[in-house]
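All residue numbers for the sequence shown refer to UniProt numbering, where the first residue is 1 and numbers rise by one. Glycine included, every Cβ here is placed at the ideal spot set by N, Cα and C. In this text the structure is predicted, and so the values were computed from the model without any measurement.
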Amino acid sequence: MFKFNVESSVFEDAVRKIMIAIPASNKQGTGDCIQMTLYKNVGESGRSVGIFLAFNAKIEAISTMEIRDVASEEKEMKVFVSGSKLAAAASAFGALDTVLEITVNKEMSISGAGSKVSLPLGEDIAKINPNEAMQITAEMETEAFVKFIEFSSSCYQDTKGVHGMNCVGLRFDLQQNVLSATSSNGSRAVYAEIPDITIRRVEKKSDQAAPDESGVEDTKITITV
Numbered sequence: 001m002f003k004f005n006v007e008s009s010v011f012e013d014a015v016r017k018i019m020i021a022i023p024a025s026n027k028q029g030t031g032d033c034i035q036m037t038l039y040k041n042v043g044e045s046g047r048s049v050g051i052f053l054a055f056n057a058k059i060e061a062i063s064t065m066e067i068r069d070v071a072s073e074e075k076e077m078k079v080f081v082s083g084s085k086l087a088a089a090a091s092a093f094g095a096l097d098t099v100l101e102i103t104v105n106k107e108m109s110i111s112g113a114g115s116k117v118s119l120p121l122g123e124d125i126a127k128i129n130p131n132e133a134m135q136i137t138a139e140m141e142t143e144a145f146v147k148f149i150e151f152s153s154s155c156y157q158d159t160k161g162v163h164g165m166n167c168v169g170l171r172f173d174l175q176q177n178v179l180s181a182t183s184s185n186g187s188r189a190v191y192a193e194i195p196d197i198t199i200r201r202v203e204k205k206s207d208q209a210a211p212d213e214s215g216v217e218d219t220k221i222t223i224t225v
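Structural data, given as structure tokens:
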């Protein structure tokens, strides 16, 4: 169980930024899930953050929101929920200008200003199946990753049809072990980087490192491209 509070305007803004990449639902009304990852007390700052990720097989969108008053025994939780239903709920609550209490357990419950909405949890978002081509795997501290995502995605145009301005450009420097990103909304741009990360070339899926079973808490996050 993961319970937290967030301003309704902050929640609406974070969901709005990924709407461009929410997949269309199928005839059964499913298949439009997005990913929500929640982090409790990240790094030395102790901040708690939620990250949304949507992918419609063409465009991938990501956004963040700062959350507070977290009640959870887990430091991290990843769930999947209908993107269209989440967008409708975020829009409705955003107009109320209130503090939301969101609880994620067997479902996602959103309550605020005397109203409550429950969204069922869904299946993993669609992915492109990996082939035998070379992949790049980057490993970094979770706190550094969260700050990187927050800043690098802070300046982009989320309007549909604005090609190139609703994207965040990533660059992996294999020699300097640096991951950098840029984004722009047409009037200003931002640049972010994470130095001293671990970057590996992965030729085949079987070449990836085995999971750590030492029992030591892992504070790192892995990105595979």
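Check your understanding: What distance in whole Å lies between the Cβ atoms of residue 47 and residue 4, which are believed to be in contact at a cut-off of 8 angstroms?
Key -> Not confirmed; about 12 angstroms, so no contact.
Exercise for review: Flag this pair as yes or no: are the beta carbons of residue 104 and residue 66 separated by less than 8 angstroms?
Suggested key: no
Check your understanding: Count the other CB atoms within 10 Å of the CB of residue 64; is the residue buried (16 or more) or exposed (fewer)?
Key -> buried
Check your understanding: Below 8 angstroms between beta carbons: does that hold for residue 79 and residue 108?
Key -> yes
Check your understanding: Start and end of the alpha helix (DSSP H) containing residue 86?
Key -> 83–94
Check your understanding: For the candidate residues 32, 173, 143, whose alpha-carbon lies nearest to that of residue 85?
Key -> 32
Point to revise | Residues near residue 177 by beta carbon distance below 8 angstroms, same chain, minus five either side | key: 195, 196, 197, 198, 199
Review point. Since residue 120 contacts residue 83 with CB under 8 angstroms, what's their CB separation in whole angstroms?
Key: The pair is not a contact, with the Cβ atoms about 13 angstroms apart (cut-off 8 angstroms).
Review point. What's the C-alpha gap between residue 42 and residue 149?
Key: 13 angstroms
**Study point:** Delimiting residues of the alpha helix (DSSP H) encompassing residue 152
**Key:** 142–152
Check your understanding: Out of curiosity, what's the CA-to-CA distance linking residue 192 and residue 139?
Key -> 16 angstroms
**Study point:** Residues that residue 197 bridges to, as DSSP identifies them
**Key:** Answer by DSSP bridge pairing: none, since residue 197 is not bridged.
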